[in-house]
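I have placed the structure first, in the form of structure tokens, so that the comments after it can refer back to it.
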Amino acid sequence: MRRIQYRSKVLIWLVLVAGIGWLESSAAVLLVDHFTYPDGPLVPSSHARWSSHSGKSNELDVVSGELQLTQSRTEDAGAWLSGAPFLEDHPFKVFFVKFQLRFQSIPTAAGGGYFAHFKDDAGGFRGRLWTVTQGASAGSVRLGVSWSGTAPTGVHAREFVMGAHHVVLIKFETDKGRATLWVDPKHESDASVVSSDTASGIDVERFAFRQNSGIGRIAVDRLVVATTFAEALGDWTREPSLPELLTQPRALTIEEGESAEFKVVALRATHYQWKRDGIVLPGQTHSALSIPRAAVSDAGLYQVVLSNATATLTSEAAKLEIIPRGVFAPEAIAGLRRRVLPPLFLPEASENVFSAEGIVTSTINVAGIADASFFLQDPTAGIAVFWKGGAKVFVPQHGDRVRVIAPLGHFNGLLQLSPEVTQKKHHVEVLERNQSVPIPMEFDFSEINDVSRLEAREGSRIAALAVGFASNAEELVAGSSIRVTNRAGSGFTVRLDSRLPEPLKRPKPPGTVNITGMLSQFDTVNPRTNGYQILVDRWEDIRSISPPPELSLTNRLRLLRPGDAATNRFLEHALLPGEQLHLTVVARADASKLVNLIPLSAVLPATAQWSVHPPGKGESAATFLYTPTSADAGRFWTFRLRAQHDEATNGLAFTVYVPTVLEQRVVIGEFLANPSTNAASPLFNPLRRSVPLTLDPSLDEFVEIVNLTEVSLDLAGWSLSDSARLRHRFVEPYVVGSSNAVVVYGGPLGRAGLAAEIPAVPASEGSAGLGLNNGGGDSIELRNPEGRLVSRVVYDSVPSNGSWTRFPSPSGAFTNHAAVSSRAFSPGFQYDLRSYGLPALGLVRPTPIQWTRISDGLHLRWTIEPGRKYTVERSEGIGRPFVEFDVDQERGEFLDRELSGVSRFYRLKIH
Numbered sequence: 004m005r006r007i008q009y010r011s012k013v014l015i016w017l018v019l020v021a022g023i024g025w026l027e028s029s030a031a032v033l034l035v036d037h038f039t040y041p042d043g044p045l046v047p048s049s050h051a052r053w054s055s056h057s058g059k060s061n062e063l064d065v066v067s068g069e070l071q072l073t074q075s076r077t078e079d080a081g082a083w084l085s086g087a088p089f090l091e092d093h094p095f096k097v098f099f100v101k102f103q104l105r106f107q108s109i110p111t112a113a114g115g116g117y118f119a120h121f122k123d124d125a126g127g128f129r130g131r132l133w134t135v136t137q138g139a140s141a142g143s144v145r146l147g148v149s150w151s152g153t154a155p156t157g158v159h160a161r162e163f164v165m166g167a168h169h170v171v172l173i174k175f176e177t178d179k180g181r182a183t184l185w186v187d188p189k190h191e192s193d194a195s196v197v198s199s200d201t202a203s204g205i206d207v208e209r210f211a212f213r214q215n216s217g218i219g220r221i222a223v224d225r226l227v228v229a230t231t232f233a234e235a236l237g238d239w240t241r242e243p244s245l246p247e248l249l250t251q252p253r254a255l256t257i258e259e260g261e262s263a264e265f266k267v268v269a270l271r272a273t274h275y276q277w278k279r280d281g282i283v284l285p286g287q288t289h290s291a292l293s294i295p296r297a298a299v300s301d302a303g304l305y306q307v308v309l310s311n312a313t314a315t316l317t318s319e320a321a322k323l324e325i326i327p328r329g330v331f332a333p334e335a336i337a338g339l340r341r342r343v344l345p346p347l348f349l350p351e352a353s354e355n356v357f358s359a360e361g362i363v364t365s366t367i368n369v370a371g372i373a374d375a376s377f378f379l380q381d382p383t384a385g386i387a388v389f390w391k392g393g394a395k396v397f398v399p400q401h402g403d404r405v406r407v408i409a410p411l412g413h414f415n416g417l418l419q420l421s422p423e424v425t426q427k428k429h430h431v432e433v434l435e436r437n438q439s440v441p442i443p444m445e446f447d448f449s450e451i452n453d454v455s456r457l458e459a460r461e462g463s464r465i466a467a468l469a470v471g472f473a474s475n476a477e478e479l480v481a482g483s484s485i486r487v488t489n490r491a492g493s494g495f496t497v498r499l500d501s502r503l504p505e506p507l508k509r510p511k512p513p514g515t516v517n518i519t520g521m522l523s524q525f526d527t528v529n530p531r532t533n534g535y536q537i538l539v540d541r542w543e544d545i546r547s548i549s550p551p552p553e554l555s556l557t558n559r560l561r562l563l564r565p566g567d568a569a570t571n572r573f574l575e576h577a578l579l580p581g582e583q584l585h586l587t588v589v590a591r592a593d594a595s596k597l598v599n600l601i602p603l604s605a606v607l608p609a610t611a612q613w614s615v616h617p618p619g620k621g622e623s624a625a626t627f628l629y630t631p632t633s634a635d636a637g638r639f640w641t642f643r644l645r646a647q648h649d650e651a652t653n654g655l656a657f658t659v660y661v662p663t664v665l666e667q668r669v670v671i672g673e674f675l676a677n678p679s680t681n682a683a684s685p686l687f688n689p690l691r692r693s694v695p696l697t698l699d700p701s702l703d704e705f706v707e708i709v710n711l712t713e714v715s716l717d718l719a720g721w722s723l724s725d726s727a728r729l730r731h732r733f734v735e736p737y738v739v740g741s742s743n744a745v746v747v748y749g750g751p752l753g754r755a756g757l758a759a760e761i762p763a764v765p766a767s768e769g770s771a772g773l774g775l776n777n778g779g780g781d782s783i784e785l786r787n788p789e790g791r792l793v794s795r796v797v798y799d800s801v802p803s804n805g806s807w808t809r810f811p812s813p814s815g816a817f818t819n820h821a822a823v824s825s826r827a828f829s830p831g832f833q834y835d836l837r838s839y840g841l842p843a844l845g846l847v848r849p850t851p852i853q854w855t856r857i858s859d860g861l862h863l864r865w866t867i868e869p870g871r872k873y874t875v876e877r878s879e880g881i882g883r884p885f886v887e888f889d890v891d892q893e894r895g896e897f898l899d900r901e902l903s904g905v906s907r908f909y910r911l912k913i914h
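Numbering (our numbering), first residue to last: 4 to 914.
Dropping the structure here:
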């Protein structure tokens, strides 16, 4: 905390880290900016208050104290809010932003665009403010708001004419997932509009402005972000006048006689006064304090008091340490390691000596009789030490805290401090005995090819956990190298030092082991980028362990919309409200081990629960049950379970996404995984291309995505994958109308002569097209722009005579298309070629036929079903051919006046 003292009263304020942004007070005003910067780019002039996160740099300008947003530029920038990030469990869940707005020109592109929003530290945008041209009078625009949607879902009635100043205020509710918009409000009860789209929340960190086509040209001023309506609309008639620190004084350690300088960067400060240990330093009244030749007596805590006519502000205290002449200041070992330079990865040649202090981690002298060699580690890193002639003086012991003053060298790539007994400037000294040895860092096998990461860890005590021996040899031999691998099959070398205690041959521990040692190197050829190894200097650091519990899971789904596998082992799920996931996890280990299962999810949905069996010898189990409700729409959950016994731990994580109300009505309606390759087959060319694909008919594979909502849906950012990888992403906006569909087909890029009535796009991710498994055993996954799974279809087989289609409705189960239709496929339409805007006809019901004999013939009648087509077929006898007759489709009747035969047989065909 910093204390800011006003002339009339005292308040406590909290300054953002590094002074970025504005101040958070008990009034909870999180950001104020009146854009009083010099004309030109905003970001470099704002002293790190604003930072760019998209587009071309330095294209967001300030002109005459106003921020200029244009549709011809692309830079987007955001300002950190004081106290950010506001995570899900933070008490601040409602934010208000207000600014003055003036439109200077209307958009040149139809449809408008959004130009302001709240933002997290990645790509999450919420509370979008839109320029809207639809419904506005000529020469004017309106404003709209959405929570995260790609179009405004609430539009304010106020029209904005060019040049007029208006006050815009937005309410952002993270707990409810909605945004509210006011224009020129006086009270919170004034007319407003509320967004109606839904999506998950974000961790609020910044408020941002965006430039893109469709926004017009806008001037913005007097920006305020607060936590209440009143605070946002408060009387912020001028830029805050309090002094503000952008950088703090930094601690220094120097030798006696060297110069020292402390300095700060501040805003709105007119006077500075430096202090040492709380005592005023006369004459030190500038932003920087210099001490030309520091004496030991100059050591202490330095801080500066800033002030102006409004308030005072005291900086943090920075410590000045003075090392008396003749005593080396110890350097962090990590700093020494940074002197290893590419491309050879050797230390620079120098006669300079360095001082380092640390704990001895090795247990034996890994050098010859006359010399002493050991490993030293401080809190930052580790390093080897080779003390020439040192064994004749003493050998530092495991756990000693030692100071070494020596030049840097290397032995076959291994960085080391290289003191010599004969050099007066070199020094090795034990400072303390029996100190705690640093806990070994777990060795990361993913870094085995990253030289920079290995160099940073070289010399440190590390542990390779749960590894196995690559060799079938039954013994471990001192002075040899062995290969070990982790569960993923990644391998690394372990060196057994030749000076290990006798016996020099030991039985190899059974099963999986943990190995602890120092990360070393032995590479004789430049560049020194190979030969890294774990050096073991005591046998007990190779310890056999029991493997962690093995986990197996089974998911059972109760689905309202069939498609996903009812029983599966997936770790990612999408559930509609009312559907149910029943997950069973079984953990198994050695029969002697007590296995315990522990759910780690701190917060569960109201309708979710774990049921865990008591710990058991060799086995335990747990079940998870979740049936989401409509209140869960848009929520994404990660559930975790830990399985453990006394020696090892394993874990499991799985996710459940409940699609938003709109996403719940987006379905995979039909797919074709095995298009015919026979050009003579009636099943060939299912997309009715003008020039059929004879060379690669597999590109005729297709997946139909149906929008069953009552609004148009922009699929920008949505994607399709199979069980192998991503197959298609809607990179550009692609709007699918209400009750319409789009067909994603294999390719090639471009429509490639597809039938005009089929709304279609080619798969975007490579020449393999959709790559669906032609024989079954594959899945199709539909994801929203956030990458959340919205729908998954799993198929184990494929029809030989067409596609899989939903029947009898767009929410029905998948069935063989040819079994319910005279067609083998219907891309873009229902199975009966009706548009998705028409109700599904469903199953054909038996229809009784009534007949009446009339004077000149026979009258047949039946009850019609709207949308069906009927034909009558007539035969003169059993086994004789039938002749088809068209009938009146609106009346359901047929009149036969040809009764010359002995008998008549009739049948009614319903389509």
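Even glycine gets a Cβ: it sits at the ideal position worked out from N, Cα and C.
Which residues bound the alpha helix (DSSP H) around residue i?
i, result
"Phe232", "232-235"
"Val46", "45-48"
"Val823", "820-823"
"Ser455", "454-460"
"Val340", "First, the amino acid is wrong: residue 340 is Arg here, not Val. It spans 336-340 - the alpha helix (DSSP H) in which Arg340 sits, taken as one unbroken run."
Shortest alpha-carbon distance to residue i belongs to which of the options?
i, options, result
"Leu562", "Arg856, Val516, Gly815", "Gly815"
"Ser803", "Leu792, His820, Ser812", "His820"
"Glu435", "Asn452, Gln426, Gln400", "Gln400"
"Gly219", "Asn787, Ala727, Val135, Tyr748", "Val135"
"Lys511", "Val207, Gly769, Glu478, Lys596", "Glu478"
"Gly534", "Val659, Phe817, Ala119, Phe348", "Phe348"
"Arg691", "Val606, Gly790, Gly772, Phe828", "Phe828"
"Ser770", "Val738, Asp703, Leu665, Thr818", "Asp703"
"Ala229", "Phe98, Ala298, Gly157", "Phe98"
"Ser742", "Val670, Ala758, Arg795, Ala759", "Val670"
"Ser105", "Leu63, Ala160, Val170", "The displayed chain sequence assigns Arg, not Ser, to residue 105. It is Val170."
Could you tell me the alpha carbon to alpha carbon distance between residue i and residue j, rounded to whole angstroms?
i, j, result
"Leu923", "Leu686", "Outside the shown range of the chain, which is 4 to 914, sits residue 923, and nothing can be said about it."
"Gln107", "Lys101", "19 Å"
"Ser484", "Leu499", "6 Å"
"Ala766", "Gly494", "38 Å"
"Ser60", "Asp123", "20 Å"
"Leu507", "Phe472", "18 Å"
"Gly130", "Ala182", "5 Å"
"Glu319", "Val308", "10 Å"
"Arg464", "Arg541", "13 Å"
"Trp25", "Pro662", "Low confidence applies here, because Trp25 scores a pLDDT of 33, under 50, leaving its location unreliable; read the following figure in that light. Roughly 37 Å separates the two Cα atoms."
"Ser928", "Ala139", "Coverage of the chain is limited to positions 4 through 914, which leaves residue 928 absent and any answer about it impossible."
Tell me residue i's beta-bridge partners as DSSP assigns them.
i, result
"Trp542", "DSSP output for Trp542 lists no bridge partner at all."
"Ala119", "Leu132, Phe212"
"Phe3", "No information on residue 3 is available, as it lies outside the stretch 4 to 914 that the chain covers here."
"Val747", "Val706, Val764"
"Glu553", "Arg591"
"Tyr916", "Past the edges of the chain, shown from 4 to 914, lies residue 916, and the structure says nothing about it."
"Lys912", "Thr874"
"Pro350", "Val343"
Since residue i is in the beta strand (DSSP E), which residue starts that stretch and which ends it?
i, result
"Pro510", "508-510"
"Asn368", "Here Asn368 belongs to no beta strand (DSSP E), and DSSP marks it neither H nor E."
"His413", "411-414"
"Ile601", "597-602"
"His168", "168-176"
"Met521", "516-524"
Just to check, is the beta-carbon of residue i closer than 7 Å to a non-hydrogen atom of the ligand NAD?
i, result
"Phe627", "Inclusion of the ligand NAD in the displayed structure is not the case, the ligand content being empty and no account of it being possible."
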